[in-house]
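In this text, residue positions in the sequence shown follow numbering that gives the first Met the number 0: the first is 0, and each later residue adds one. Heads up, the beta-carbon is just placed ideally off N, CA and C, and yes, glycines get one too.
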Amino acid sequence: MPVARPICDSFMTERRVTFTREQIAAYAEASGDQNPIHLDDDFAKTVGLPGVIAHGMLQMGILATVAAEEAGGPSRLRRISVRFAAMVVPGDTVTFIASRGAGERLELTAVNQKGEAVLTKSSADIA
């Protein structure tokens, strides 16, 4: 039977990421999501976007990493929930935060440099 480890003593884990075209393209390659809205400015503009945008799952993956750090390791995560609320474009700096909530829950946030939430209704259940 696995031994339960205590949750990390911190009350908040934070990471700031400035998204780059190279990072977005690398994620597209690694994930297999080659949708041109993530790779081609001209195409993205034809569908009403400001240009290429970062994958929502790239953002969620970063937030999950931050949650795992706060929880005391990825094996402590049981469920992560997020709502994709705003676009992230190259040059945006997003601050990802995981903090202790009530009980066995982490409250998760992701806010861009303008103070706008890019991921909302976000939380993680932990063991």
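Simplified DSSP state of Arg-64, which is helix, strand or coil: In the sequence shown, residue 64 corresponds to position 65, counting from 1. The sequence given here has Thr at residue 64, not Arg. In the structure shown, Thr-64 sits in a helix (DSSP, three-state: H, G or I).
Tell me the DSSP bridge mates of Val-93? Your numbering for residue 93 matches position 94 in the sequence shown. Beta-bridge partners of Val-93 (DSSP): Val-16, Asn-111.
Residues near Ala-116 in its chain [Cβ-Cβ closer than 6 Å; skip 5 each side]: Position 117 of the sequence shown, counted from the start, is the residue given in the question as residue 116. Excluding residues within five positions, the ones whose Cβ falls inside 6 Å are Ala-84, Val-110.
Residues that Phe-83 bridges to, as DSSP identifies them: Mapped onto the sequence shown, residue 83 falls at position 84. Its beta-bridge partners are Leu-118.
Quick one: using the 10 Å Cβ neighbour count with 16 as the cut-off for buried, is Pro-5 buried or exposed? Numbered from its first residue, the sequence shown carries residue 5 at position 6. Bear in mind that a pLDDT of 45 at Pro-5, under 50, signals an unreliable position, so the number given afterwards is only what the model happens to contain. Exposed is the call here.
Proximal residues to Leu-57 (C-beta, below 6 Å), its chain only, five neighbours per side dropped: In the sequence shown, residue 57 corresponds to position 58, counting from 1. Excluding residues within five positions, the ones whose Cβ falls inside 6 Å are Tyr-26.
Rounded distance between the beta-carbons of Ser-74 and Met-11, thought under 8 Å: Within the sequence shown, numbered from 1, the residue matching residue 11 stands at position 12. Within the sequence shown, numbered from 1, the residue matching residue 74 stands at position 75. So it is not a contact: roughly 21 Å between Cβ atoms.
When you compare only the Cα positions, how much space is there between Gly-47 and Pro-89? Position 48 of the sequence shown holds residue 47. Position 90 of the sequence shown holds residue 89. Our two residues, Gly-47 and Pro-89, have alpha carbons roughly 16 Å apart in a direct line.
Here's the rule I'm using: 16 or more other beta-carbon atoms within 10 Å means buried, otherwise exposed. How should Ala-126 be labelled? For the purposes of this step, residue 126 is identified with residue 127 of the sequence shown, where counting begins at 1. Exposed.
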